[in-house]
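Here the structure comes first, spelled out in structure tokens, and everything after it is commentary.
There are 2 protein chains.
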Amino acid sequence: MNGAVALPLDLPELSFTASGDALVRRSVLPSGIRILSERVPGSRSSTVGFWVAVGSRDELSALGTTPSRYGSTHFLEHLLFKGTPSRTALDIAVSFDQVGGEHNALTGKEYTCYYAKVQDRDLPMAVSVLADMFTSSVLDAAEFENERGVILEELAMADDDPNDVVGERLFEAVLGDHPLGRPVGGSADTIKAVTRDAVWQHYGANYRPQDLVVTVAGAVDHDELVAQVTAAVASAGWDLTALSRPVERRTAALAEVRRGEALSLTRRPNEQAVVMLGYPGFAAADDRRSALGVLNSVLGGGMSSRLFQEVREKRGLAYSVYSFASGYSDAGVFGMYAGCSPKNAGTVAELLLGEFGRLAADGITDGELARARGQLSGSAALALEDSDTRMSRLGRSELTTGEFTDLDEALRRLDEVTPADVRALAAELAGRALSVAAVGALDAEVFAGLVETDEPEPLKAVS
Amino acid sequence: MNGAVALPLDLPELSFTASGDALVRRSVLPSGIRILSERVPGSRSSTVGFWVAVGSRDELSALGTTPSRYGSTHFLEHLLFKGTPSRTALDIAVSFDQVGGEHNALTGKEYTCYYAKVQDRDLPMAVSVLADMFTSSVLDAAEFENERGVILEELAMADDDPNDVVGERLFEAVLGDHPLGRPVGGSADTIKAVTRDAVWQHYGANYRPQDLVVTVAGAVDHDELVAQVTAAVASAGWDLTALSRPVERRTAALAEVRRGEALSLTRRPNEQAVVMLGYPGFAAADDRRSALGVLNSVLGGGMSSRLFQEVREKRGLAYSVYSFASGYSDAGVFGMYAGCSPKNAGTVAELLLGEFGRLAADGITDGELARARGQLSGSAALALEDSDTRMSRLGRSELTTGEFTDLDEALRRLDEVTPADVRALAAELAGRALSVAAVGALDAEVFAGLVETDEPEPLKAVS
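From first to last, the protein sequence lines stand for chains Y and R.
For the first sequence, the residue numbers in the working numbering are 1 to 463.
For the second sequence, the residue numbers in the working numbering are 1001 to 1463.
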């Protein structure tokens, strides 16, 4: 991966109680494989994830120097379901389907995760199948060509979803040529161009023992889990005796972000226009993340938020309206979204910006702060009922900061946030370069008061 | 509602243990209000629903005799969030947001449900607010006009989603003029036309004590819940001393279904074509529902299903491909879906039909039956971890059959299904009238081999 720090070879075993009475443990095998579990008393299900800290942002370094490799990380993720020497693609699907489990994978900008949620008795099966996929996929050439077609359909499906499109365009506009600005899946052109050799090279370079993090939450016995993972990867013929390189974590050094575009307009003959406004935001581990959570909650985090009240409740201009804060290791995006009639798109964009500007100028009330604390702590407590949430949180912590914050610690940090912190944060964001992305039957002049405008791209049409 | 049977005035109290160690109880107040709870040991959250057995199918009888009322049930659902004499819309939103709860509502074809998921300590608040919304909404005239705009945006958003559109068109095509064939939300024209008086009349006629069913699952004490509901509705000034009419349940008499269209084509300049094939299916309470579950699982219920294997894994023609079975009180729809390149739409539709025809002709193997049983029982067990699922199941059972089937009983029925049952069911379905719905850059001739074709509608375009 880009910009990584080596972890100590003797990364310690961990064991502590988190979030009520859940027991978290981490073991590090001599090969560098990291295994983390969070045992939740009373849980009857287990969610397991096999993680690697490589995502779409790493594709140039992982795969060579040409943009034609974009989307290869996601392509590889698909291919891991297509068979090993001991299991066909159908065998893999049957393994999970016949126990009613959920299984899938997720390629992100900074990691890839293969996961399954099963009843407790089926956890050993899930570990065994995921380990086989992770270590021993064959990437069969015929399957590779078939899957190219499937991925092109997935990209086409996303391209027909205005919300997907506007989100991708906003990230490109706000983050410019920063690698986090690229779409995860690549494009139809890069997927048509990529070769099996390139993806095979990616697989070999990034799916080694020291890259693997296994996390399990719910009904799990840590020692049994370590034995299962050890046995599964040993049977794959991996050299598990010694590290071939240190285990690494991505550095958190902040990147410089130069805006790509002020306005990214995608013209479509849709009923609605979808509009996003965004600024370069903060990294996931930024010290101000609790204040950022409060800002996002007050501005656009629920039905009582300022954006919802102003744009939907008071004016009836949108059905869906919200704000969001996305953080990664070295950069982030803070943004606002609304879907509205094309004729109201300019007005709605001005309302979003007006509400944000008012918050940056005048700050938030004590009542809003108390409400945001309640919302963030209550929703976090509810989310912990799902073993999926816990599994995912465990994996992201290990891959990024290496810091495991339980609910009590998160609440303590939240209690320290003041209205002044939130106002200062909003003012800093509002001073950064604004980008607008929109999809719909719109002309660029609609946003002339907000950003400089360009010629629209040619309109999509069917022959 | 249309076609209802009266329940005995002395509908009994119920109390039994279901699905492991959960305790289900039902109480019926003198006013006819039915209160059901499912206490799940160890649960820290509660999900509560306020239900009424009126959905979009009931709009003609509930609201008069003109189609201009279509969508009024969904309109009313929105208005219940807009304020009571003691709570503004903002107060309602703040109540749930400040504890991090989830709250929303769902209008279906046969029922409407207002629900909230909260931590256990917040259940009394949730009951109190939902009861106030249910009994005492004011439907303010200015809020009514604002909300008309919001609902028009919601419809526009759905219209821009090809999957939403193709689903609505398939139901219309398969069910013809049966009231279940209509879209839940009405159309822009009916929403522009509806008056506050009509919605007010709907509210008064269908939200009385004997219409209300309250269900709670998770952390709940039944006796406390009954006391909370009783106190909340009493403070609304409802006459709770006696039933003004018997409590009713919808009849399960099967309706005759006459197909609306053989082909419903919506031309859009999209990257993908989305295609659905469907037949009139079975009512929710049909004796063959376990066999139908197996049929759906084997045909298109997971990654190991025949449709997924044939269309995606073997041929790489689609990313998303599946089958589904929707059942209501007197009719249903059985269908298949795929999203693919427009140039492959005809081939993909033939593949879907071919796989279904092969299953109807040759049946399923013992291995497929065993796999489907495992899938259905395993996924049902996993779903029971969520209090949302249990709350919803409880409400739908009380509103429809009045029969509470726990997991063991469902598994026993599943064990009785034979390959011959599934084959006979598939053959019966395959003998019914086929309809095709598609959205995309397609001409009707693409489906000429499957159904008779008509002229396409004019293509949507932006000026």
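Note that beta-carbon positions come from the ideal geometry of N, C-alpha and C, so glycine has one too.
A quick note: this is a predicted structure, and the numbers were derived from the prediction, not measured.
Open item on the list: Quick check on the burial criterion: 16 or more other C-beta atoms within 10 angstroms. Buried or exposed for Y/L493?
Closed with: Residue 493 of chain Y lies beyond the range of chain Y shown here (1 to 463); nothing can be said about it.
Open item on the list: As a quick exercise: from Y/E145, Y/G108, Y/P419 and Y/T73, pick the residue whose alpha carbon is nearest that of Y/N296.
Closed with: The shortest C-alpha separation from Y/N296 is found at Y/P419.
- [ ] Following the continuous beta strand (DSSP E) through Y/A338, name the residue where it begins and the one where it ends.
- [x] From DSSP, the beta strand (DSSP E) with Y/A338 extends over G332 to C340.
Open item on the list: I'd like to know whether the C-beta of R/N1146 is nearer than 8 Å to at least one C-beta of chain Y.
Closed with: For R/N1146, the answer is yes, since a Cβ of chain Y falls inside 8 Å of its Cβ.
Open item on the list: At a cut-off of 7 Å, would you count R/E1168 as near the ligand SAM, judging by its Cβ distance to the nearest heavy atom?
Closed with: The ligand SAM is not part of this structure, which contains no ligands at all.
TODO: Please name the residue in Y/L299, Y/C113, Y/R373 and Y/R39 whose C-alpha comes closest to that of Y/S290.
DONE: Taking only the C-alpha atoms, the option nearest Y/S290 is Y/R373.
- [ ] Quick one: grab the DSSP three-state call for Y/Y328.
- [x] Three-state DSSP puts Y/Y328 in coil, outside helix and strand.
- [ ] Can you give me the Cβ contacts of Y/A318 inside the same chain, cut-off strictly under 7 Å, excluding the 5 residues immediately before and after it?
- [x] Counting only Cβ-Cβ distances below 7 Å, and skipping sequence neighbours, we find V311, R312, A338, G339, C340 and V348.
TODO: Compile a chain-ordered list of the residues in the region 382–408 of chain Y whose CB is closer than 7 Å to at least one CB of chain R.
DONE: So the close ones are L382 and E385.
TODO: Could you check if Y/T266 is buried or exposed, using at least 16 other CB atoms within 10 Å of its CB as the buried criterion?
DONE: Classification for Y/T266: buried.
- [ ] Go ahead and label Y/F16 buried or exposed: buried means 16 or more other beta carbons lie within 10 angstroms of its beta carbon, across all protein chains shown.
- [x] By the 16-neighbour rule on beta-carbons within 10 angstroms, Y/F16 is exposed.
Open item on the list: With three or more beta-carbon pairs closer than 8 Å as the criterion, would you say the region 1398–1411 of chain R touches the region 1221–1230 of chain R?
Closed with: Between the region 1398–1411 of chain R and the region 1221–1230 of chain R there are fewer than three inter-stretch CB-CB distances shorter than 8 Å, so the stretches are not counted as touching.
Task: Distance between R/G1332 and R/V1436 (C-alpha atoms, nearest Å) - done: About 16 Å.
TODO: Measure from the C-beta of Y/S290 to each C-beta in chain R and report whether the shortest distance is under 8 Å.
DONE: Under the 8 Å criterion on CB atoms, Y/S290 is classed as non-interfacial with respect to chain R.
- [ ] Let me know if Y/V229 comes out buried or exposed under the rule of 16 or more other beta-carbons within 10 Å of its beta-carbon.
- [x] It is buried - the Cβ of Y/V229 has at least 16 other Cβ atoms within 10 Å.
TODO: Starting from Y/N296, find everything on chain R with Cβ-Cβ shorter than 7 Å and list it in chain order.
DONE: Simply none; closest approach about 13 Å.
Task: chain Y residues whose Cβ lies nearer than 9 Å to that of R/A1093 - done: Residues of chain Y passing the Cβ test: G302, M303, S304, S305, F308, Q309 and E313.
Open item on the list: If you reduce the DSSP assignment to three classes, tell me which class R/A1318 lands in.
Closed with: Of the three classes helix, strand and coil, the one that applies to R/A1318 here is strand, per DSSP.
Task: Proximity to R/A1284 [Cα-Cα], best of R/S1305, R/A1325 and R/E1102 - done: Distances from the CA of R/A1284 to each of R/S1305, R/A1325 and R/E1102 were compared; the closest alpha carbon is that of R/A1325.
Task: Nearest to R/D1443 (by Cα), restricted to the options R/S1264, R/K1314 and R/L1014 - done: Selected option, being the one with the closest Cα: R/S1264.
Task: Cβ-Cβ distance between R/K1109 and R/R1025 below 8 Å - done: Using a Cβ distance threshold of 8 Å, R/K1109 and R/R1025 do not count as a contacting pair.
Task: Straight-line Cα distance separating Y/R315 from R/G1354 - done: Distance between the alpha carbons of R/G1354 and Y/R315: 51 Å.
Open item on the list: Quick check on the DSSP output: the alpha helix (DSSP H) that includes R/G1181 runs from which residue to which?
Closed with: Run containing R/G1181: none; DSSP gives neither H nor E here.
Open item on the list: Strictly below 9 Å CB to CB, what residues from chain R border Y/S320?
Closed with: The contact set of Y/S320 on chain R, defined by CB atoms closer than 9 Å, consists of E1153, E1154 and M1157 in chain order.
TODO: Please list the residues of the region 262–274 of chain Y that have a C-beta atom closer than 9 Å to any C-beta atom in chain R, keeping them in chain order.
DONE: Taking 9 Å as the Cβ-Cβ cut-off against chain R, the residues of the region 262–274 of chain Y that qualify are R267, R268, P269, N270, E271, Q272 and V274.
Open item on the list: Is it buried or exposed, Y/T537, if we count other Cβ atoms within 10 angstroms and call 16 or more buried?
Closed with: Because chain Y in this structure spans residues 1 to 463, residue 537 of chain Y falls outside the shown range and cannot be described.
- [ ] Please go through the same chain and pick out, in chain order, the residues whose beta-carbon is closer than 7 Å to the beta-carbon of R/L1076, but skip the five residues on each side of it.
- [x] The residues are V1199, H1202 and Y1203.
Task: Touching by the beta-carbon criterion (3+ pairs, under 8 Å), the region 42–61 of chain Y and the region 112–120 of chain Y - done: By the Cβ criterion, the region 42–61 of chain Y is in contact with the region 112–120 of chain Y, since at least three pairs of Cβ atoms, one from each stretch, lie closer than 8 Å.
Task: Under 8 Å by beta carbon: chain R residues contacting Y/L376 - done: G1100, listed in chain order.
Open item on the list: Taking the beta strand (DSSP E) that Y/Q119 belongs to, which residues open and close that run?
Closed with: Start and end: T112 to Q119.
TODO: Quick one: list the residues of chain Y neighbouring R/R1044, beta-carbon separation under 8 Å, in chain order.
DONE: Taking a Cβ-Cβ threshold of 8 Å, the residues of chain Y close to R/R1044 are A381 and E385, in chain order.
Task: Partner residues on chain C for R/P1124, Cβ-Cβ distance less than 9 Å - done: No chain C is part of this structure, whose protein chains are labelled Y and R.
- [ ] For R/V1446, name the three-state secondary structure that DSSP assigns.
- [x] In the three-state reduction of the DSSP assignment, R/V1446 falls in the helix class.
TODO: Kindly list the residues whose CB is nearer than 7 Å to the CB of R/S1045, restricted to its own chain and excluding five residues on each side of it in sequence; keep chain order.
DONE: K1117, V1118, Q1119, D1120, G1218, A1219 and S1387, listed in sequence order.
- [ ] Consult DSSP for Y/I364 and reduce its assignment to one of helix, strand or coil.
- [x] In the structure shown, Y/I364 sits in coil (DSSP, three-state: anything other than H, G, I, E or B).
- [ ] Would you please verify whether the beta carbon of R/L1090 is less than 8 Å from any beta carbon of chain Y?
- [x] It does: the Cβ of R/L1090 has a partner Cβ on chain Y nearer than 8 Å.
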